[in-house]
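Asker: Residue numbers (this note's numbering), protein chains in the order written: chain A, -10 to 123; chain B, -10 to 123; chain C, -10 to 123; chain D, -10 to 123; chain E, -10 to 123; chain F, -10 to 123. The C-beta atom is built at its ideal place from N, Cα and C for all residues, glycine as well. Predicted model only: the values in this text are computed from it and were never measured. Structure incoming, see below.
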């Protein structure tokens, strides 16, 4: 259950600022599907607008990284932060962008390994090597 | 400062299990440089051996993901976990594997964006869309 | 589902230490409603007593901060820690203490922004400015 | 030490996009002081611009929450995320905005309490009360 | 709901690598019960094999720590990381290994206390005492 | 560097509430050494008093868990939360209470393993087995 109302399409249609964002999500992503994070953020139009603007700027534009790589980075952060919804939505997006089973397995292996070595390094308070200095 | 002694090369040479791991790190990575995480783990030979075995298995083998992509995933997890040493070591490794300034900027943009949307989704407790079901 | 039994009122009535805490919660908060965290902690009477004593000391006394501000700080921590129950209970408490939609939107904006800048600062390992020294 | 160069004023002056952001930070905050997070982000002009735009939009505008309350929420998130630089910069900002010792003590008490109850709730996996439903 | 298929016994029987791990789990633990984490990992045989090898090496062998103490350490980490499934599985395992109600209460008290003092120390950025140096 | 002043013994002697806590720390622990967390908390006497009261209640009393086990649980939480000072102070305390190198190695192995499996379980969103229900 959410802490706020999840907006239906009818409710979004009746609210100009929300409708404008939903329309742009659909046009940008070329799909009629608007997932629940936007339907929850609709309760706070200013946060809805700025969040969508950031997502569009970061994920939908041309960039130095492949769209799938960006989605996998998003998955890695979401897993590390323990965000259930985010893990689901970005795993689904990565699959939609072509993530293979073998790539998913490698991502899991790296994320699992990083969690271990992060913990060991923190436990031992390893000093940064001078060689890593910029 | 570390919670344990950081082993010198001379100390590692005198301890067969540690020497064997250090030798393999050097041979695998084709460099004489052994960074501090291994010099700290040398105090616990069993953990040193199993950790190196995992790193070698995950990072050094052929895989479905590009070595640079794996290093960038490692960076994303290390940033999310707030591990200072790990951020330094994996940023340096990513650069050594060819990460460009433009790719670094994109990684930062994705990691920063994911942190925000993770927080908002958690704040609103957004329910998982049935469309994401496997 | 919980890892422990959620105590009913009848069970609490039959256990003097638990009953004493539940009675004090009701008297302090001027409501008959005892939420599930206390019904779960009832399995460990010493932890129940010390936790309620701390909550009462921190949240229910006169202080330099407005009760609503304290509740919003509680929300911010609970969101950052990813605690589902805590997000729900403290969002509900903040609303009961008068949090408006506009204040909620501002809290979300700050929490989301802080998550991003925290991540970027950690990624870049920004050194603390001498100007911030006490 | 940072993972990137910390830009001097002279370096910023020579780079139009960076100079524009630094000028706006100084004008908005009515101070010549530009703290290190911006000098680190200067290496990635697009992230510098979007981050400053967000900070300006969230922190510097009129809002439903007092500027000091927003700064204290920022502190609470930064503490929970374990971001050293952020704890320093936002504690300094809160003091500059008038945070008293008594308010600081109350903030610490709430943040410490929330950390405990978050942990206990997670340990016991307390189910959300139906009364909290929207 | 999971992001992957949860394998049934029949499906595991038909896949030699998965079957081998499931057989070893049953033989090592002397029970027919294979819990869901292994049924989820079955989708990635290499990660399944390496994860089980690590769990077996760390948890099932003779060691300097009592099996119950190791399980309680596992609980403490899982609680701190906010991993719902892990809290459930390791609390159940600790009980199966003899954790008493009094021990559980003490664990909760320590974990709750550590969460508070960790938060306060981070808030105040307490410098490490020279006496703690190795 | 800290966000607050680290109190000297002379300063503590001159402040009755702080002096009372410092005296009790010394008497309880049978040592003249008062570590920095208390010297930082001295700036907030109410938080100093309540924090010391909790530490004393949880760590110094008779309990169902061995003092060393409690210290190791404290280490596990501090590592998971990434608290540098706390890792140092509780590792030092565990050693002072007799933690052997072999026990330390086992703790590191468990904490590292738990970090990995926590991450994998979160990545896969493994559903809780009905067998774990209370």
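If you draw a straight line from the alpha carbon of residue 5/B to that of residue 38/B, how long is it in whole angstroms?
Answerer: Your numbering for residue 5/B matches position 16 in the second chain. Your numbering for residue 38/B matches position 49 in the second chain. Each residue's Cα considered, the two are about 12 Å apart.
Asker: Mind listing which residues of the segment 57 to 74 of chain F have their C-beta closer than 9 Å to chain D's C-betas, in chain order?
Answerer: The residues in question are 66, 70, 71, 72 and 73.
Asker: How many whole angstroms separate the CB atoms of residue 95/D and residue 69/C, which I take to be in contact at a CB cut-off of 8 Å?
Answerer: For the purposes of this step, residue 95/D is identified with residue 106 of the fourth chain, where counting begins at 1. For the purposes of this step, residue 69/C is identified with residue 80 of the third chain, where counting begins at 1. Going by Cβ atoms, the distance from residue 95/D to residue 69/C rounds to 18 Å, so no, they are not a contact pair.
Asker: Note down, in chain order, each residue of its chain lying with its Cβ closer than 7 Å to the Cβ of residue 49/D, except the 5 sequence neighbours on either side.
Answerer: By one-based count along the fourth chain, residue 49/D stands at place 60. Once the five neighbours on either side are set aside, the close Cβ partners of residue 49/D are 17.
Asker: Do the segment 83 to 93 of chain E and the segment 76 to 89 of chain A touch if we need at least three Cβ pairs shorter than 8 Å?
Answerer: Because the criterion of three Cβ pairs below 8 Å is not met, the segment 83 to 93 of chain E and the segment 76 to 89 of chain A do not touch.
Asker: Cutting at 8 Å between CB atoms, please list the residues of its own chain near residue 45/B, excluding the five before and the five after it.
Answerer: Residue mapping note: residue 45/B aligns to position 56 of the second chain, counting from 1. The answer, listed in chain order, is 13 and 17.
Asker: Could you confirm whether any beta carbon from chain F is found closer than 8 Å to the beta carbon of residue 92/A?
Answerer: As a first step, residue 92/A is located in the first chain; it is residue number 103 there, counting from the start. Output row for residue 92/A: interface = no.
Asker: With three or more C-beta pairs closer than 8 Å as the rule, is the segment 53 to 72 of chain C touching the segment 95 to 111 of chain D?
Answerer: Enough Cβ pairs lie closer than 8 Å, so yes.
Asker: Within 10 Å of its beta-carbon, does residue 11/A have 16 or more other beta-carbons around it, so buried, or fewer, so exposed?
Answerer: The count along the first chain starts at 1 and reaches residue 11/A at position 22. Flag for residue 11/A reads buried.
Asker: Rounded to the nearest angstrom, what separates residue 73/C and residue 42/E at their Cα positions?
Answerer: For the purposes of this step, residue 73/C is identified with residue 84 of the third chain, where counting begins at 1. For the purposes of this step, residue 42/E is identified with residue 53 of the fifth chain, where counting begins at 1. Straight-line Cα distance between these residues: approximately 33 Å.
Asker: Taking all protein chains shown into account, do 16 or more other C-beta atoms lie within 10 angstroms of the C-beta of residue -3/C, making it buried, or fewer, making it exposed?
Answerer: Your numbering for residue -3/C matches position 8 in the third chain. Result: exposed.
Asker: Hey, does residue 77/E have any beta-carbon neighbour from chain F nearer than 8 Å?
Answerer: Within the fifth chain, residue 77/E is the residue found at index 88, counting from 1. So, interface residue.
Asker: Hey, is residue 81/F's beta-carbon within less than 8 Å of any beta-carbon in chain A?
Answerer: Locating residue 81/F in the sixth chain gives position 92, counting from the first residue. So no, residue 81/F is outside the interface.
Asker: How big is the Cα-Cα spacing for residue 122/A and residue 80/F?
Answerer: Position 133 of the first chain, counted from the first residue, corresponds to residue 122/A. Position 91 of the sixth chain, counted from the first residue, corresponds to residue 80/F. For residue 122/A and residue 80/F, the distance between alpha carbons rounds to 28 Å.
Asker: So, helix, strand or coil for residue -5/A, using DSSP?
Answerer: Taking the first chain and counting its residues from 1, the one referred to as residue -5/A is at position 6. The answer is coil: DSSP assigns residue -5/A none of H, G, I, E or B.
Asker: Counting only C-beta atoms, is residue -8/E closer than 8 Å to chain A at any point?
Answerer: Counted from its first residue, the fifth chain places residue -8/E at position 3. Residue -8/E counts as touching chain A.
Asker: Hey, does residue 33/C have any beta-carbon neighbour from chain E nearer than 8 Å?
Answerer: If you number the third chain from 1, residue 33/C lands on position 44. Chain E, which has a Cβ nearer than 8 Å to the Cβ of residue 33/C, makes this yes.
Asker: So, residue -6/B versus residue 2/B, is the Cβ gap smaller than 8 Å?
Answerer: Within the second chain, numbered from 1, the residue matching residue -6/B stands at position 5. Within the second chain, numbered from 1, the residue matching residue 2/B stands at position 13. Not a contact, by the Cβ cut-off of 8 Å.
Asker: Could you check if residue 104/A is buried or exposed, using at least 16 other CB atoms within 10 Å of its CB as the buried criterion?
Answerer: To locate residue 104/A, count along the first chain from 1; it is residue 115. Classification of residue 104/A: buried, given that the 10 Å Cβ count is 16 or more.
Asker: Output yes if chain E places a C-beta closer than 8 Å to the C-beta of residue 103/F; else output no.
Answerer: For the purposes of this step, residue 103/F is taken as the residue at position 114 of the sixth chain. With 8 Å as the cut-off, residue 103/F counts as an interface residue toward chain E.
Asker: Between the alpha carbons of residue 20/F and residue 31/F, how many angstroms are there, rounded?
Answerer: Within the sixth chain, the letter at position 31 stands for residue 20/F. Within the sixth chain, the letter at position 42 stands for residue 31/F. Distance between the alpha carbons of residue 20/F and residue 31/F is about 19 Å.
Asker: Relative to chain C, which residues along the segment -9 to 11 of chain D have a C-beta separation below 9 Å, given in chain order?
Answerer: Taking 9 Å as the Cβ-Cβ cut-off against chain C, the residues of the segment -9 to 11 of chain D that qualify are -9, -8, -7 and -5.
Asker: Suppose you measure from the CA of residue 78/B to the CA of residue 109/B; what does that come to, to the nearest Å?
Answerer: Counted from its first residue, the second chain places residue 78/B at position 89. Counted from its first residue, the second chain places residue 109/B at position 120. Looking at the two C-alpha atoms, the distance is approximately 30 Å.
Asker: How many angstroms separate the CA atom of residue 0/A from the CA atom of residue 29/A?
Answerer: Counting from one through the first chain, the residue named residue 0/A turns up at place 11. Counting from one through the first chain, the residue named residue 29/A turns up at place 40. Roughly 12 Å separates the two Cα atoms.
Asker: Residue 24/D and residue 118/C: beta carbons closer than 8 Å?
Answerer: Here residue 24/D corresponds to residue number 35 of the fourth chain, with the count starting at 1. Here residue 118/C corresponds to residue number 129 of the third chain, with the count starting at 1. It is a contact, given that the beta carbons lie within the stated cut-off.
Asker: If I follow the unbroken alpha helix (DSSP H) through residue 12/E, where does it start and stop?
Answerer: Within the fifth chain, the letter at position 23 stands for residue 12/E. Here the alpha helix (DSSP H) through residue 12/E covers 5 to 18.
Asker: Taking a Cβ distance cut-off of 8 Å, strictly less, list which residues of the segment 35 to 49 of chain C are near chain E, in chain order.
Answerer: Here the close residues are 35, 36, 39 and 40.
Asker: Grab the span of the alpha helix (DSSP H) containing residue 39/E for me, first residue to last.
Answerer: The residue given as residue 39/E occupies position 50 in the fifth chain. Note, residue 39/E: alpha helix (DSSP H), 34 to 48.
Asker: Secondary structure at residue 70/F, three-state DSSP: helix, strand or coil?
Answerer: For this step, residue 70/F is matched to residue 81 along the sixth chain. Looking at residue 70/F - three-state DSSP - the assignment turns out to be helix.
Asker: Does chain B have any CB closer than 8 Å to the CB of residue 85/C?
Answerer: Numbered from its first residue, the third chain carries residue 85/C at position 96. So, not an interface residue.
Asker: Roughly how many whole angstroms lie between the Cα atoms of residue 36/A and residue 76/E?
Answerer: Reading the first chain from its first residue, position 47 is the one you call residue 36/A. Reading the fifth chain from its first residue, position 87 is the one you call residue 76/E. Going by the C-alpha atoms only, they are around 33 Å apart.
Asker: Look at the Cβ atom of residue 71/F, then the Cβ atom of residue 101/B, and state whether they are nearer than 8 Å.
Answerer: Counting from 1 along the sixth chain, the entry for residue 71/F is found at position 82. Counting from 1 along the second chain, the entry for residue 101/B is found at position 112. Not in contact: residue 71/F and residue 101/B (Cβ atoms no closer than 8 Å).
Asker: For residue 34/E, collect the residues of the same chain with a Cβ closer than 7 Å to its Cβ; drop the 5 residues on either side in sequence, then sort them by chain order.
Answerer: Here residue 34/E is taken as the residue at index 45 of the fifth chain, counted from 1. The residues are 6 and 7.
Asker: Beta carbon of residue 113/C, beta carbon of residue 40/D: below 8 Å?
Answerer: The residue labelled residue 113/C in the question sits at position 124 within the third chain. The residue labelled residue 40/D in the question sits at position 51 within the fourth chain. Contact flag unset, no.
Asker: Taking only beta-carbon positions, decide if residue 13/D is within less than 8 Å of chain C.
Answerer: Walking along the fourth chain from the start, residue 13/D turns up at place 24. Not closer than 8 Å to any Cβ of chain C, the Cβ of residue 13/D fails to qualify, so no.
Asker: Closer than 8 Å, CB to CB, is residue 97/B near chain D or not?
Answerer: For this step, residue 97/B is matched to residue 108 along the second chain. Judged by the 8 Å Cβ criterion, residue 97/B is in contact with chain D.
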